[in-house]
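J.: Starting off with a structure, shown below.
Residue numbers (my numbering): 124 to 239.
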């Protein structure tokens with residue numbers, strides 16, 4: 124029983140995130156934007172208490188969910204500085220910043236290859 128559990132656990136540790144876009148060197152801008160907006164909306168809707176007027180539109184708790192979603196769905200490791208202190212004042216600024224960061228990381232992980 125223990126051996127079966129250990130084999131299963133070892134298998135789970137070796138699994139990599141699914142990246143259905145990895146075969147393409149083209150950056151899937153719309154897919155990133157959709158995932159980010161979807162996770163922001165879900166996180167905001169999951170809030171038990173309405174936000175105060177002085178709170179940022181996208182705070183650190185929302186950003187953690189967004190970062191985890193992007194990392195899992197697209198197999199990218201986002202840097203810690205993608206989450207600024209104080210959060211983002213608007214959803215649009217958050218989406219634009221994350222998409223630009225992801226575009227740079229994508230280019231490093233999936234370089235465009237030229238065929239002759």
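We put the beta carbon where it would ideally sit given N, CA and C, even for glycine.
(1) Out of curiosity, what's the CA-to-CA distance linking residue 220 and residue 171?
(2) Between the Cα of residue 161 and the Cα atoms of 215, 202, 233 and 231, which residue gives the shortest distance?
(3) Can you tell me whether DSSP reads residue 214 as helix, strand or coil?
(4) Got a sec, what are the start and stop residues for the alpha helix (DSSP H) residue 192 sits in?
(5) Under 8 Å by Cβ, that's how I've got residue 159 and residue 189 pegged, so tell me the actual separation to the nearest angstrom.
(6) Please work out which residues of its chain come closer than 6 Å, Cβ to Cβ, to residue 217, disregarding the five sequence neighbours upstream and downstream, and give them in chain order.
T.: With the structure as the only source:
(1) Those two C-alpha atoms are separated by around 27 Å.
(2) Among 215, 202, 233 and 231, the Cα nearest to that of residue 161 belongs to 215.
(3) In the structure shown, residue 214 sits in a helix (DSSP, three-state: H, G or I).
(4) Run containing residue 192: 183-197, per the alpha helix (DSSP H) assignment.
(5) Right, their Cβ atoms sit about 6 Å apart.
(6) Excluding positions up to five away in sequence, the list reads 181 and 211.
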